[in-house]
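J.: With the numbering used here applied, the sequence shown covers 5 to 370. We put the beta carbon where it would ideally sit given N, CA and C, even for glycine.
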Amino acid sequence: MFDRRLIKNFDWGFMALIFLIGTIGLGILYSALTAGNETISVHVLFKKQMIWMGAGFIVMMIILMIDFRDLDKINLFIYAFCVGLLISVLIFGQLGGGSRRWLLIGFVRIQPSELMKIALIISLASVYSTSISQTGLNFRKLIKPAILCAIPFVLIVNQPDLGTGLLLLLIAGSITLFVKVERKVLYIISGICLVTAPLLWSGLKTYQKSRILTFLDPDRDPLGAGYHIIQSKIAIGSGMLTGKGFLKGTQNALSFLPEHHTDFILSVLAEEWGLMGSSILLLVYFIFLLWGLNIAYNCRNMFGSILAFGITTMIFWQIFINIGMVMGLMPVVGVPLPLVSYGGSSMITNMVGFGILLNISMRNFS
């Protein structure tokens, strides 16, 4: 029987924020794809993004009909399914840009590493909700979460996609700190990370090392690895306070700005709308993150609380890394800006996360 309290407790404010960010994202994407084109026809990628966004809202509505606590019961199935997709990528995946990250299922191309973010958050929330303690987690209780993180991390890094792999570790680390670990465990893990850093560096591929070195000094290869960062900085700086105006960004229109509809779409916004326009988007994101944390704080179910925090953390790290990337404060790792950058898999993944947050919020009465 349908519970009318679900409608009464529906979080319309949070839904409005999702619509607002999505609308802003479509506006920026339209400009990124249209500026400089002589034809007035709508770009095919813009049409695809609208389709993906529509599909994402449908998926989000479907998730609202499922009690979020049922995800705890099927978390291993969700995790195993996504790991299976990652294995399939290494065997049958499509090769593009030197990486094998996509699966072609019928006429739809998906990126399983995006879906793995949600699967990992659900699995960690399930494990931590039954092992949380006042004194913090010890090494024994961290073994299973470590294995759950290591499997997808290794599979994703071997695609290779170091950016998404590190993003998974950041999400997992944030959730682990949220549920609390023993202080000595935190010190030991930090020490291990410092000791193994040289080994990790030696294990990186040449282009990955180049991205990090270019991040430290973009001018070392201004026409090669440093080109993206330099052009992005020029676009951001030229926007100044109020920007050049809609469809009038020269870096974008003259195709100086690479990946302008995906990784560097924030540079398009900064050039056309300046500091004021960029600040508005960041303010909306900030309100969104606070809303997500409030859902996690008010949830009466431990699994739901950790799950909501994990989803909010996922969105935070994507925003943080993308902004740092386009400003030259972080290496270029290909992390999209939620609901703004073009991409079907990232759109669906984020919509699934939003659906889970709304699900938790509207069922807080029970």
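For Lys373, which option in Asp267, Glu276, Met244 has the closest C-alpha, if you only look at C-alpha atoms?
T.: Shown here, the chain extends from 5 to 370; a query on residue 373 therefore has no answer.
J.: Are Gly332 and Ile233 closer than 9 Å when you measure CB to CB?
T.: Closer than 9 Å, so yes.
J.: Put Arg187 into one of helix, strand or coil per three-state DSSP.
T.: It is helical.
J.: Could you name the residues of the same chain whose beta carbon sits closer than 8 Å to that of Thr353, not counting the 5 residues immediately before and after it, in chain order?
T.: The answer, listed in chain order, is Glu118, Leu119, Lys121, Ile122.
J.: Are there 16 or more other CB atoms within 10 angstroms of the CB of Tyr132, so buried, or fewer, so exposed?
T.: Counting Cβ neighbours within 10 Å, Tyr132 comes out buried, since at least 16 surround it.
J.: Please check the pair Pro156 and Ser103, which I expect to be a contact at CB under 8 Å, by giving their CB distance rounded to whole angstroms.
T.: That belief does not hold up - the Cβ atoms of Pro156 and Ser103 are roughly 16 Å apart, past 8 Å.
J.: Please state if the CB of Leu108 and the CB of Thr180 are separated by a distance shorter than 9 Å.
T.: In this structure, Leu108 does not lie closer than 9 Å to Thr180 by Cβ.
J.: Just confirm the distance between the C-beta atoms of Met318 and Met57, as a whole number of angstroms; I'd bet it's less than 8 Å.
T.: At roughly 18 Å, the Cβ-Cβ gap does not stay under 8 Å, so Met318 and Met57 are not in contact.
J.: With DSSP as the reference, please indicate the residues paired to Arg104 in a beta bridge.
T.: Beta-bridge pairing links Arg104 to Leu99.
J.: Which of the three DSSP states, helix, strand or coil, is assigned to Leu10?
T.: Of the three classes helix, strand and coil, the one that applies to Leu10 here is helix, per DSSP.
J.: Val272 lies in the alpha helix (DSSP H); which residues open and close that run?
T.: Unbroken alpha helix (DSSP H) run through Val272: 269-302.
J.: By Cβ distance, which residues of its chain are closer than 7 Å to Phe143, with the 5 residues on each side in sequence left out?
T.: For Phe143, where only same-chain residues beyond five positions count, the Cβ hits under 7 Å are Val189.
J.: Take the Cβ of Lys248 as the centre, count every other Cβ of all protein chains shown within 10 Å, and call the residue buried at 16 or more, exposed below.
T.: With 16 or more other Cβ atoms within 10 Å, it is buried.
J.: Does Cys153 pass the burial test, meaning 16 or more other C-beta atoms within 10 Å, or should it be called exposed?
T.: That one is buried.
J.: State the DSSP-derived secondary structure class of Ile360, mapped to helix, strand or coil.
T.: In the structure shown, Ile360 sits in a helix (DSSP, three-state: H, G or I).
J.: Taking buried to mean at least 16 other C-beta atoms within 10 Å of its own C-beta, is Ile246 buried or exposed?
T.: Looking at the sequence shown, residue 246 is not Ile but Thr. That one is exposed.
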